[in-house]
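The opening residue of the sequence shown carries number 9 in this note's numbering; numbering runs sequentially from there.
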Amino acid sequence: MGRGRRLALVGALLAVAVGLVVFTTMAFLRSSPPSVDFTAGHQAGTPVDLTLQTVGSVGFGPHPTWVSYLTQAPNGQWVHTTLWDLPAYTRINVTVHQYDSGSPLRNQQYGQVIGTIGGDATLNGKTFRVINANNGNGVAHTFAIPTLGIEVPLYANKPSPNLCAAAPCPTNSPHNIVSFSFRTPGPGQYPWQCFIPCGLGYLYGNGGPMQTVGYMGGFLKVVA
Ligand SMILES: [Cu+2]
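Printed below as a string of structure tokens:
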């Protein structure tokens, strides 16, 4: 093979290699869970119902053992995502079906309900403002929107082999129902997340699902 042909061959192989790297990188960057749309057909002034679930291990996808939130779409289907399109200046009635076990809190401040309408939440129908995580089953996860000053602890289930281990969890699995409301601000993207270090097997519990959109955090995409 002549020098020119060898050079051309090396050049072609290099181009293929670069192409593969670019393609893989773009595919990785593009991979994002879907956003559930709660704005379609929304009538100004009426509240939006947002129903979520938390599960100790999602049971499918690239990380089946990770803890996760799931979102119920308006058509009733459970979607593995933490991204929502929500109307601005609207009351959001949140209901979380909490299927996971928990523990005492490392930071007791996260046992407080902060920033909701009325400053409270309900646990299985009973109003509360704080959970003492050193009593009972402890806290499994929190729902927090830091930029809006909202934080709600989600009471845990007693550890048991009967706890749901694959989402979407059926309502006959042991769970707690936590409800609260808040108002969306003007248009913008607002991050939300869990503040309980629930990424088991990661440094201080704060890696893995705690750092990944679609599991323990996401975004409110508030639109006008
Ligand atoms: Cu969590």
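A virtual CB, placed ideally from N, CA and C, is assigned to each residue, including glycine.
Computed from a prediction, not measured in an experiment: that's the story for all the values here.
- Here Leu60 is bridged, per DSSP, to Thr79, Val104.
- In this structure Leu17 is exposed. Its beta-carbon is surrounded by fewer than 16 other beta-carbon atoms within 10 angstroms.
- Close CB contacts of Pro176 within its chain, under the 7 Å cut and outside five residues either way in sequence, are with Gln61, Leu78, Trp86 (chain order).
- In the displayed model, Ala25 falls within a helix according to three-state DSSP.
- Remark: the C-beta of Thr62 is in contact range of ligand 1, defined as less than 8 Å to any heavy atom.
- In this structure the segment 174–194 lies against the segment 111–131, because at least three pairs of beta carbons, one per stretch, are closer than 8 Å.
- Secondary structure of Ile204 (DSSP, three-state): coil.
- Note that the C-beta distance between Asn165 and Asp108 is below 9 Å.
- At a threshold of 8 Å, His105 does not count as near ligand 1, since its beta carbon sits no closer than that to any of the ligand's heavy atoms.
- DSSP places Ile122 in the strand class (E or B) of the three-state scheme.
- Residue range 134–136 is occupied by the beta strand (DSSP E) that includes Thr135.
- Distance from the CA atom of Gln219 to the CA atom of Ser39, rounded to whole angstroms, is 15 Å.
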